[in-house]
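Chemist: First, the structure itself, so that you have it in front of you.
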Amino acid sequence: MTEFAGWLMPIQYTGIVDEHKAVREAAGLFDVSHMGEIWFTGLGALETANRLVTNDLESIQPGACLYSPMCNLEGGIVDDVIMYRVGEDVLFVVNAANTAKDLAWILERCRELGSRARVEDRSMNTVQIALQGPAADEVVRKVGLAELVSLGRNRHIQVIVEGKPVLASRTGYTGEAGFEFYHDWDAGDFLWEMLFEAGRGSGIKPIGLGARDTLRFEMGYCLYGNDIDDSTSPLEAGLGWTVKLDKLDFVGKQALVAEKAAGVKRKLVGMELLETGIARQGCAVKADGKEVGHVTSGTFSPSLGKGLAMGYLEAGLWQPGTEVQIAVRDKELKARVTRLPFYVHGSRK
Amino acid sequence: MTLIPENLKYTDEHEWLRIEGDTAVVGITDYAQHELGDIVYVELPPVGKKAEVKKAFGVVEAVKTVSDIFAPVSGEIVAVNEALAADASVVNREPYGQGWMIEIKMSNPADTGALLGPAEYRKLLGE
């Protein structure tokens, strides 16, 4: 167990590799209730929420979800969030460690905008469970939620389970097929128990933070605090697809327009170690003896069986195949820039 | 419960030694492998290198963490478990058997005086 953003969380249940493989090959169940849930309701909820993010909430309909960075005036990432359009309301699912920061930041922007929308942090009353893996559809069928099987990617619906409302979305942080569920804390652990029971025959396993990290890493998904933070822009982080510069005004737009025009100076890339070893966060990356960047996430990839890393590199080194060296303790290990995601065989629908 | 064989000596850095005459076979304990989690690489020195008591002689890389392995005694490294290069996970499965790491020909047998017995090691773990 470890302390994470004020929550006591398991790093692993049966072992990181074992759990990782269960998600890639069968199914895994994650208690991710530490994630924050911030709701925008009432008059101007949608407009207000949309002013705070780089992606465009108007591009999706109620019943859909959208990933977006939320940027500061300089274009740095305050947080990266999954946004849900729920009727007239908007839900931001935010990183646990950022919930308090985000809420304060959002409320301040609302004041500046003169927004009348109601902003509410329901994190402490919300359970979030992720069911991920190729057997996810089979598991939801077994618990009587067959309607979820036809749910399209990034779509969500409300279902009733044992008389209790549950928000279910086809989303995830692993690259596999699956769902994320939200329900009231007061409702207890009924959903976890049901899913776990139903998944027994499919080889379902509970998944800790360790495998959650290796799974997202193999997909090249950014982890806030590692790969992105207040000082990195979405354009540098390879999240350009989430930055809609043709959208009406949003916080950070000016800075991002300027950065795009000038071109980014560094970019987040994937790197594959060509020698035995594991590069970890903070390791320097070199080219021709000169430091050209650093590793922001690095681990052994359980699916690919080798050391992989993500990190920011200076211009001129972004082309896949470019050779670099990563300083690991007293050695410089040969590495090669590779395309992200590292893992391309996920069952994600 | 952690496995702590009676016939071995231990260090407070969670290495074990099996002393046979003036040589000692060294590995990491069941507790250590469990704390590290899935071990993917073990970096060991070449045969012939000197080991110095309480100095790192190798590195264990697990998925989540990396940890130095310290020499429990000084001497010359006379054997290295080459099999770990192909499959380091054997350290997780058999920390006291096939997961051994190096064999040291001790230069100062008095080094063993500072080692822990099984009961002392169990006490260190708070079990």
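The listed protein sequences correspond, in order, to chains Y and C.
As numbered in this note's numbering, residues 1208 to 1556 make up the first sequence, in order.
As numbered in this note's numbering, residues 622 to 748 make up the second sequence, in order.
All residues carry an ideal CB built from backbone N, CA and C; glycine is no exception.
On the premise that Leu1280 (chain Y) lies in contact with Asn1361 (chain Y), defined as a C-beta separation below 8 angstroms, what is that separation, rounded to the nearest angstrom?
Modeler: Asn1361 (chain Y) to Leu1280 (chain Y), Cβ: 29 angstroms. No contact.
Chemist: Would you say Thr1439 (chain Y) faces chain C, with C-beta separation under 8 angstroms as the test?
Modeler: Chain C contact via Cβ: absent.
Chemist: Between the C-alpha atoms of Ala1337 (chain Y) and Val1368 (chain Y), what's the straight-line distance to the nearest angstrom?
Modeler: Each residue's Cα considered, the two are about 16 angstroms apart.
Chemist: Please say whether Arg1543 (chain Y) and Glu1479 (chain Y) have beta carbons closer to each other than 8 angstroms?
Modeler: It is a contact, given that the beta carbons lie within the stated cut-off.
Chemist: How is the beta strand (DSSP E) around Leu1540 (chain Y) delimited, first residue to last?
Modeler: Lys1538 to Thr1545 is the extent of the beta strand (DSSP E) around Leu1540 (chain Y).
Chemist: Does the segment 1377-1385 of chain Y come close enough to the segment 1416-1432 of chain Y that 3 or more CB-CB pairs lie under 8 angstroms?
Modeler: Enough Cβ pairs lie closer than 8 angstroms, so yes.
Chemist: Should Ala1418 (chain Y) be labelled buried (16 or more other beta-carbon atoms within 10 Å of its own) or exposed?
Modeler: Ala1418 (chain Y) comes out buried.
Chemist: Hey, how far is the Cα of Thr1333 (chain Y) from the Cα of Asp1396 (chain Y)?
Modeler: Distance between the alpha carbons of Thr1333 (chain Y) and Asp1396 (chain Y): 11 angstroms.
Chemist: Taking 7 angstroms as the cut-off, is the CB of Gln1532 (chain Y) close to at least one heavy atom of the ligand HEM?
Modeler: Looking at this structure, you won't find the ligand HEM or any other ligand, since it has none at all.
Chemist: Mind listing the chain Y neighbours of Asp659 (chain C)? Cutoff is C-beta to C-beta under 7 angstroms, in chain order.
Modeler: Correct list: Gly1222, Ile1223 and Val1224.
Chemist: Report yes or no: do the segment 1252-1266 of chain Y and the segment 1426-1434 of chain Y share at least 3 C-beta pairs separated by less than 8 angstroms?
Modeler: Result no; under three Cβ-Cβ pairs closer than 8 angstroms.
Chemist: How far does the alpha helix (DSSP H) with Gln654 (chain C) in it extend, from its first residue to its last?
Modeler: Segment Asp651 to Leu657, the alpha helix (DSSP H) holding Gln654 (chain C).
Chemist: Should Pro1509 (chain Y) be flagged as near chain C, meaning a C-beta pair shorter than 8 angstroms?
Modeler: Yes - at least one Cβ of chain C is within 8 angstroms of the one on Pro1509 (chain Y).
Chemist: Would you kindly report the start and end of the unbroken alpha helix (DSSP H) that includes Met1517 (chain Y)?
Modeler: Counting along the chain, Met1517 (chain Y) falls outside any alpha helix (DSSP H), though it belongs to the beta strand (DSSP E) covering Lys1513 to Glu1521.
Chemist: Please confirm whether Tyr662 (chain C) has its beta-carbon closer than 8 angstroms to some beta-carbon of chain Y.
Modeler: With 8 angstroms as the cut-off, Tyr662 (chain C) counts as an interface residue toward chain Y.
Chemist: Quick one, which of C:Ala692, C:Lys670, C:Glu673 and C:Val661 has its alpha-carbon nearest Glu682 (chain C)'s?
Modeler: For the residues C:Ala692, C:Lys670, C:Glu673 and C:Val661, the minimum Cα distance to Glu682 (chain C) belongs to C:Val661.
Chemist: Looking at chain Y, is there any beta carbon in it that lies within less than 8 angstroms of the beta carbon of Glu748 (chain C)?
Modeler: Chain Y contact via Cβ: absent.
Chemist: Measure the C-alpha to C-alpha separation of Val1492 (chain Y) and Ala1444 (chain Y) and round it to an integer number of angstroms.
Modeler: Going from the Cα of Val1492 (chain Y) to the Cα of Ala1444 (chain Y) covers about 17 angstroms.
Chemist: Please report the distance separating the alpha-carbon of Ala1212 (chain Y) from that of Lys726 (chain C).
Modeler: Rounded to the nearest angstrom, the two C-alpha atoms are 48 angstroms apart.
Chemist: I'd like to know if Glu703 (chain C) contacts chain Y, where contact means its C-beta is closer than 8 angstroms to some C-beta of that chain.
Modeler: So no, Glu703 (chain C) is outside the interface.
Chemist: Of the choices Y:Gln1335, Y:Ala1307 and Y:Leu1398, whose alpha-carbon is the least far from that of Gly1351 (chain Y)?
Modeler: For the residues Y:Gln1335, Y:Ala1307 and Y:Leu1398, the minimum Cα distance to Gly1351 (chain Y) belongs to Y:Leu1398.
Chemist: From Lys1349 (chain Y) to Val1535 (chain Y), what distance separates their C-alpha atoms?
Modeler: Approximately 47 angstroms, taken between the alpha carbons.
Chemist: Which residues, in chain order, does the segment 1352-1381 of chain Y contribute to contact with chain C at a C-beta distance below 7 angstroms?
Modeler: So the list is empty, because no residue satisfies the distance condition.
Chemist: According to DSSP, which residues form a beta bridge with His1501 (chain Y)?
Modeler: Partner(s): Y:Ala1491 and Y:Tyr1519.
Chemist: Report the option in C:Pro730, C:Ser710, C:Gly648 and C:Ile723 whose CA atom is closest to the CA atom of Phe1507 (chain Y).
Modeler: Phe1507 (chain Y) has its Cα closest to that of C:Ser710, out of C:Pro730, C:Ser710, C:Gly648 and C:Ile723.
Chemist: So, under 8 angstroms CB-CB, Tyr1550 (chain Y) and Ser1504 (chain Y) are touching, yes? Tell me the CB distance rounded to an integer number of Å.
Modeler: The pair is not a contact, with the Cβ atoms about 14 angstroms apart (cut-off 8 angstroms).
Chemist: Would Val699 (chain C) and Val668 (chain C) qualify as a contact pair, given that the criterion is a beta-carbon distance under 8 angstroms?
Modeler: Yes, Cβ-Cβ distance for Val699 (chain C) and Val668 (chain C) is below 8 angstroms.
Chemist: Taking Cβ-Cβ distances below 8 angstroms as the criterion, which residues of the segment 684-703 of chain C are in contact with chain Y?
Modeler: Here the close residues are Val684, Lys685 and Val687.
Chemist: To the nearest angstrom, how far is the alpha carbon of Gln1335 (chain Y) from that of Lys1460 (chain Y)?
Modeler: In a straight line, the C-alpha of Gln1335 (chain Y) is about 32 angstroms away from that of Lys1460 (chain Y).
Chemist: Using only alpha-carbon positions, find the residue among Y:Ala1462, Y:Lys1472, Y:Gly1500 and Y:Leu1515 that is nearest to Glu1482 (chain Y).
Modeler: Minimum Cα distance to Glu1482 (chain Y) is reached at Y:Leu1515.
Chemist: If you run the structure through DSSP and keep just helix, strand and coil, what is Lys770 (chain C)?
Modeler: The structure shown does not extend to residue 770 (chain C), since chain C spans only 622 to 748, so no value can be given for it.
Chemist: Is the shortest distance between the beta-carbon of Glu682 (chain C) and the beta-carbons of chain Y less than 8 angstroms?
Modeler: True, the Cβ-Cβ gap to chain Y drops below 8 angstroms.
Chemist: Strictly by DSSP, which residues pair up with Val681 (chain C)?
Modeler: Answer by DSSP bridge pairing, in chain order: C:Val663 and C:Ser688.
Chemist: How about Leu705 (chain C) and Thr632 (chain C): do their beta carbons lie closer than 8 angstroms?
Modeler: Their beta carbons are not under 8 angstroms apart, which means Leu705 (chain C) does not touch Thr632 (chain C) by this criterion.
Chemist: According to a CB-to-CB cut-off of less than 8 angstroms, which residues of the segment 1474-1497 of chain Y neighbour chain C?
Modeler: Residues Thr1483, Gly1484, Ile1485 and Arg1487.
Chemist: Provide the residue span of the alpha helix (DSSP H) that contains Arg639 (chain C), from first to last.
Modeler: Unbroken run through Arg639 (chain C) is the beta strand (DSSP E), Glu636 to Glu641; no alpha helix (DSSP H).
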